[in-house]
Structure formats: C-alpha cells, structure tokens
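Numbering (full-length UniProt numbering), first residue to last: 1 to 727. Ideal placement from N, C-alpha and C gives every residue a C-beta, glycine not left out. Single-structure report; data block below.
If you want it as structure tokens, here you go:
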C-alpha cells in the first residue's frame with residue numbers, strides 16, 4: 001500500500017492549506033503552498049472550513065462539509081479533512097481495526113485509539129459528533145496545466161472515477177478468473193462422460209462427473225451473483241459522481257452559456273453521461289469477461305483441432321469487418337437522435353409549463369400538432385435505425401451460422417476418420433457455443449463504444465467551456481473603499497450572429513449611497529444594464545467600475561453576495577416560504593426573515609397560510625399570485641442585507657396600496673445603499689436621486705424628476721399621462 005503523503009505546515013496558520021496539499025498529493029497532483037494559501041484565503045486569523053472548501057472546489061474537488069458521528073466515519077471516502085480541537089485541521093486517511101490514522105501538519109503522522117480520536121475531534125462532547133470536509137476529485141482536478149492543450153473530459157479522466165473502487169474491481173477480476181476456470185473444466189468433463197463413462201459403461205463414473213458438473217454450476221451461479229452485486233454497487237456510485245460533477249460544472253459556467261442552450265440540450269447531455277456510465281460498467285465489463293473466455297477457449301479449441309481453430313478465427317475477422325462497415329451510418333443516426341430528442345424534451349417541458357397560456361388561447365390543437373410532428377420525425381428516425389440494425393444483425397447471423405455449419409462438418413469428418421473421439425466432438429461443440437457468445441457480444445460492445453464516444457464528445461462541449469470564475473485568476477475578495485458604480489463607454493449585444501447592440505457606448509455614474517432610476521421604452525436596454533452590473537454578461541466594449549476598480553477583477557461570489565436583485569423573471573422554488581426568502585441559508589436567520597417580511601409587506605399573506613413560514617409553494621410560484629411572487633422576491637433581496645439594490649420592475653404587479661407601503665419601507669432600507677431601479681411607474685422613480693432616460697441603447701437625458709419634467713423632453717413624454725399634465 002502506498003504510504004500517505006505528509007507535509008509540515010510552514011506557518012502557524014497554514015494547517016488548513018497544508019492539509020489540502022496532502023490530499024492533492026495523495027490523488028497525484030503537487031500543489032504549491034503559496035497558491036493554496038491564496039485559494040484558502042488564509043489571514044492572520046487562519047482559515048475556516050469554508051475557505052478550504054472553496055479552495056478545494058477551485059482545484060477540482062467535489063466537497064461537502066458535514067457533521068458526522070464516530071460510527072459514520074468508516075462509511076465515507078478517505079482521506080478527509082477534520083476540524084481538530086476546534087482550532088486546527090488534520091487529515092484522516094485510514095481507519096483500520098479501531099485505529100485512526102491521521103496526518104497532522106503540525107506534528108506528523110499519528111495513530112490514535114477511538115477515545116483519543118474522539119476527545120480531539122468532537123466539537124462538543126455531549127453532541128458526540130465532529131466536523132469533517134469530504135473531498136473527492138472530479139475530472140477537472142486531473143486536467144494538465146500545459147498551455148494550448150485542449151480541455152475537456154477524456155477517457156482517462158472518466159476512468160479515474162473507477163479508481164476509487166479499485167479494490168472492488170480486483171474482486172471482479174478474481175470472480176472472472178474463478179468463473180473462467182470453472183467453465184474451462186466443463187468441456188473436459190463432457191468429453192470424459194462420452195469417452196470414458198459411456199465407452200466403459202461405468203455408471204458410477206458418470207454419476208461422479210454429473211455431480212462435479214452440478215457443483216461447477218452452483219459455483220458459477222454464486223460467482224455470477226456476487227459479480228452482479230459488485231457491478232451494481234460500482235455503477236451506481238460512479239453514475240452519481242459523474243452526474244454530480246456535471247452539475248457542478250454547469251453551475252460554474254457563465255450566464256452566457258445558458259443563453260445559447262435550450263433545456264432539451266442540457267437534459268440530453270445529462271442522458272449522455274448515463275450512456276458513458278452504462279458502457280463502462282455494463283457492456284465493457286461483461287465483454288471483458290467474455291473475451292477472456294474467448295482467449296482461453298480459443299487455445300483449448302486449437303488444442304483439439306487446428307483447422308477448426310483457423311476457420312473460427314477467419315470467421316471472427318469477417319464478422320468484425322462487417323460490423324465496422326456500419327459505424328459511420330450509425331454515427332449520423334445518433335446525431336439525428338440527439339437533435340430530435342432535444343426538440344422533444346424542450347417541447348414537452350414548454351407544453352407542461354405553458355399549459356395555462358395554451359388553454360387561454362385555445363391553442364391545444366396547434367401545440368399538439370407540433371408535438372405530433374416531432375413524434376413523426378422520431379418515428380422516421382427509429383425506422384431508419386431499425387433497418388440499419390437489421391441489416392447488420394442479418395449479416396452477422398449469416399456469418400456465424402455458416403461458421404458453425406462448417407465447424408460441425410469438419411469435426412464430424414474428423415471423428416469418422418479417427419482423428420477425433422466422439423467425446424472430443426461434443427467438447428468442441430460446447431467450446432464453439434462458449435466462444436460464439438463473446439463474438440456476438442462484439443456487435444453490442446462496438447455499438448456501445450461508439451455511442452459512448454459520441455456522448456463524450458457532446459459532454460465535452462460543457463467541459464470545454466471556461467468557468468465563470470477560473471481558479472487561476474487573482475480575484476479580489478473585498479470591495480474597494482469607494483463603492484460607487486461607473487459605466488464607461490459600455491457597448492453590449494446579446495449572443496447571436498447579426499444581433500444589433502442593445503447598449504451603444506453608454507456612460508453612467510451611479511453614486512454610492514444614492515438611488516438611480518433607469519426609465520425608457522421597452523427594448524431600450526434598461527434590464528441589460530442591470531445584467532451587466534450583476535455580471536451575467538461581459539461588455540463587448542467599455543468598462544464597468546466599482547470606485548476605481550474594474551468590476552471584472554472582483555470575484556463573482558464576492559460581488560453577487562453584495563447585491564440584492566429582483567429581476568423580471570425571478571424564480572420561486574418548490575420549497576417553503578421561509579426557504580424561498582432565505583435562499584442559500586441552510587439555517588435561516590429568523591430576525592432577518594421577519595425584517596424582510598415586514599419590508600415586503602408579507603405579514604398578512606403569511607398569516608393566511610396554513611403552516612405560516614413553513615407553508616410549501618410550488619415550482620415557479622404555482623399557487624401564489626404575481627403580486628405575492630414579487631413581494632417574495634423583494635423579501636429575498638432584503639434578507640441578503642446587500643450593499644447594492646437592483647430592482648427590475650420589482651413592483652409592476654403590485655396594487656397601489658401594497659406598492660405604497662413597500663416603497664415607504666424600502667426608502668428606509670435603502671438609506672446608505674447604492675440602488676439601481678428600472679421601472680415605468682412614476683411612484684417608483686420620482687423620489688430617485690437621479691433618473692436616467694434610455695432609448696435604443698443610448699442615454700438621452702438624466703437628472704432629478706423636477707429637472708426632467710421642466711425640460712419637457714423624453715422623460716416628460718413617458719410620464720405625462722401619469723402626471724396628468726397638460727400639453
């Protein structure tokens with residue numbers, strides 16, 4: 001067993017970073033302690049578990065901070081990082097016979113009894129649990145750092161998922177060898193029955209051989225059962241790991257990625273990873289077992305009759321060539337399958353989500369016909385795929401059958417000519433039957449490999465995307481002293497060839513602690529300004545600054561953690577009201593929740609609910625009105641207690657009374673905060689410190705409400721009906 005690596009911490013506060021360095025080395029990667037200190041955000045006060053977790057995420061680990069009881073530790077994947085004596089970190093890398101092996105960056109490797117371990121690890125003696133950070137490497141962890149090398153998920157990185165279960169694989173190999181040996185004995189026993197038992201008319205000998213065959217059968221059945229259970233265990237764990245890592249990667253991608261992919265595209269790629277997992281844990285293992293049998297029984301066949309062996313090998317070559325002829329056409333059909341499947345997924349999700357609109361507009365027939373059109377395309381594809389499969393299968397079966405007939409003729413001829421015993425002929429027929437199975441499996445294996453390879457290429461479209469927050473970038477983790485926002489010469493267009501710029505060289509100043517309102521006709525670029533401030537997209541030209549610092553230098557999590565936003569398409573999760581307000585907090589702060597409820601004027605709504613804050617509401621806000629949905633989104637933004645407030649038509653669905661109460665509440669809340677409000681209603685924007693009028697991506701005018709009304713320009717035209725002013 002390879003010894004677990006150990007490094008000593010260089011500074012007193014380096015324990016967390018050094019533990020992470022040991023875990024990286026254990027999985028085959030050297031990491032510089034200076035880089036790890038930066039990623040862990042080590043300060044003079046040391047580092048917390050969250051800092052280590054975030055650093056590990058950026059290095060390519062999948063992490064989970066958990067509280068565990070002592071008896072749960074043998075069930076987790078080691079090594080893991082433990083919070084030790086409430087002021088230190090160590091690595092637990094092995095548990096063997098009640099002895100806990102830890103690597104302490106301060107004192108070296110140590111072996112502790114259960115009592116010693118518990119005394120140091122338990123945060124509170126009465127709780128009998130301690131804090132652990134579980135780590136598992138993802139494909140990104142193993143990516144080489146050579147410049148110019150294409151990033152992505154490759155077979156090598158996929159196979160690393162199985163490295164964790166190498167001991168189980170050794171058990172599978174052992175089962176394979178035992179199964180092969182048991183099968184290898186069978187043809188010799190069969191020959192013995194014919195050549196010895198029947199020829200000598202020795203019934204007792206035949207009984208003995210049959211008992212031996214029964215024992216072999218029971219042994220093979222037992223081995224196959226155990227092998228199936230082990231395969232299921234490996235495949236389930238690997239499938240969860242692969243899917244989890246894909247979700248992690250998706251969540252790290254920039255918003256621009258999701259603007260160019262449909263729901264169906266992403267869901268189909270989820271299915272692609274299952275094809276890869278199925279190939280590696282299903283057809284690959286079973287084919288591997290079969291081909292070991294093929295090699296072994298091939299030698300046995302050559303031992304019995306060289307001519308028959310040569311015919312068998314020649315037929316195998318022809319069979320393989322026939323299969324390879326169809327691969328190009330199968331690849332084309334698979335791409336068609338993906339495209340149609342993506343359309344089908346998107347259409348079904350859209351129909352279910354938009355059912356109220358479909359009924360409201362009496363468009364049931366139209367939408368159903370669209371769906372039926374997709375099903376017709378799917379049917380035509382299935383016909384083509386079936387026809388191709390039948391051609392391939394028919395040719396394969398013909399080659400196999402001709403081979404079997406020829407082998408039967410030659411073996412019978414050899415018996416007649418005295419070159420082979422009757423028992424030998426029976427044994428050859430058994431062997432041919434055994435080697436036919438792996439040859440037939442070759443067709444399924446090659447097809448599965450091709451499917452998995454195509455799926456890998458498609459998944460690579462996700463893995464090749466640059467993360468929104470690359471780990472090798474030197475991100476700022478604190479906001480500058482001057483927290484005012486400035487847009488300087490900003491130009492932006494949405495992805496897509498031929499799209500016109502939504503913003504055209506605009507420059508804006510959003511002073512710290514002040515409220516800026518942005519108004520304009522629909523399509524003028526108001527929401528886009530907010531999305532650029534929230535860093536959903538990068539400007540095509542120009543710079544967004546916070547004080548004198550470019551916004552692009554600040555870490556995404558740091559920046560968005562400082563922003564409370566209510567967007568037009570804000571989402572309500574299928575969860576309790578409390579969890580929809582305190583999104584991201586596992587244990588919501590009750591005082592902050594109550595403050596947010598008060599600010600959003602939600603008291604009456606919550607009082608009416610059967611379980612109060614614990615009442616569950618549906619996906620997308622099903623079961624609540626648009627106004628209640630907007631108030632929940634406002635409460636969510638207030639709960640964050642952000643430094644920046646960004647509202648995009650946040651009160652347009654509210655009645656006048658609710659809007660007045662909420663605006664009055666928010667005036668107090670916004671004092672000292674930088675606010676950017678997009679709205680049409682005069683009541684929402686009239687008290688802003690500065691009002692900016694946008695039109696076709698350009699700033700037409702700006703000033704206070706009184707100044708702009710006096711100008712009688714574009715702003716005056718927008719609000720004159722609300723103001724009831726004369727011409």
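Item, Value
"Using the Cα positions of residue 307 and residue 384, report the straight-line distance between them to the nearest angstrom.", "40 Å"
"May I have a chain-ordered list of the beta strand (DSSP E) segments no shorter than 3 residues that lie completely inside the segment 443-503?", "485-492"
"My understanding is that residue 63 touches residue 135, with C-beta atoms under 8 Å, so please give their C-beta distance in whole angstroms.", "6 Å"
"Can you pull the DSSP bridge partners for residue 80?", "92, 134"
"Would you check if the distance between the CB atom of residue 596 and the CB atom of residue 635 is smaller than 8 Å?", "yes"
"For residue 102, which three-state DSSP category applies?", "strand"
"Measuring CA to CA, which of 348, 142, 196, 665 is closest to residue 61?", "142"
"Nearest CA to the CA of residue 250: which residue from 460, 513, 365?", "460"
"Count the other CB atoms, across all protein chains shown, that sit within 10 Å of the CB of residue 631; report buried if there are 16 or more and exposed otherwise.", "buried"
"In whole angstroms, what separates the C-alpha of residue 231 from that of residue 446?", "20 Å"
"Using the beta-carbon count (16 or more within 10 Å), is residue 365 buried or exposed?", "exposed"
"In the DSSP output, which residue or residues are listed as bridge partners for residue 61?", "137"
"With H, G and I counted as helix, E and B as strand and the rest as coil, what does DSSP make of residue 7?", "coil"
"In three-state terms, what does DSSP make of residue 523?", "coil"
"One question on the structure: do residue 210 and residue 182 come within less than 8 Å of each other, judged by their Cβ atoms?", "no"
"Runs of 4 residues minimum, wholly inside the segment 593-651: which ones carry the alpha helix (DSSP H) assignment?", "603-607, 626-639"
"My output table needs one value for residue 118: the three-state DSSP class, helix, strand or coil.", "helix"
"Once DSSP output is grouped into helix, strand and coil, what is the label at residue 298?", "helix"
"If you drop the 5 nearest sequence neighbours on each side, which residues of the same chain put their C-beta closer than 7 Å to that of residue 648?", "527, 530, 566, 567, 568, 678"
"Over what stretch of residues does the beta strand (DSSP E) that includes residue 690 continue unbroken?", "690-695"
"Could you give the C-beta distance for residue 333 and residue 381, rounded to a whole number, given that I count them as a contact under 8 Å?", "7 Å"
"Leaving out the 5 sequence neighbours to the left and right, which residues in its chain are closer than 6 Å to residue 488 when beta-carbon positions are compared?", "507, 542, 543"
"Exposed or buried, which one is residue 207 when buried takes at least 16 other CB atoms within 10 Å?", "exposed"
"Near residue 6, which residues of its chain fall below 7 Å by C-beta distance, leaving aside the five closest residues on each side in sequence?", "22, 103, 108, 109"
"Classify residue 578 as helix, strand or coil using the three-state DSSP reduction.", "helix"
"In three-state DSSP terms, what is residue 17?", "helix"
"Could you give the first and the last residue of the continuous beta strand (DSSP E) run that contains residue 565?", "563-566"
"Looking at the secondary structure, which residues open and close the beta strand (DSSP E) in which residue 112 lies?", "108-112"
"In this structure, does DSSP put residue 703 in helix, strand or coil?", "strand"
"Do residue 514 and residue 674 have their beta-carbon atoms positioned less than 8 Å apart in this structure?", "yes"
"By the three-class DSSP mapping on this structure, what secondary structure does residue 508 have?", "strand"
"Out of 471, 99, 709, which one is the CA nearest neighbour of residue 115?", "99"
"From the DSSP secondary-structure annotation, give me the bridge partner or partners of residue 545.", "486, 550"
"Determine the extent of the beta strand (DSSP E) in which residue 678 is found, giving its start and end residues.", "674-678"
"Select from 328, 688, 536, 24 the residue whose C-alpha is nearest the C-alpha of residue 252.", "536"
"What do you reckon, are the CB atoms on residue 348 and residue 377 nearer than 8 Å?", "no"
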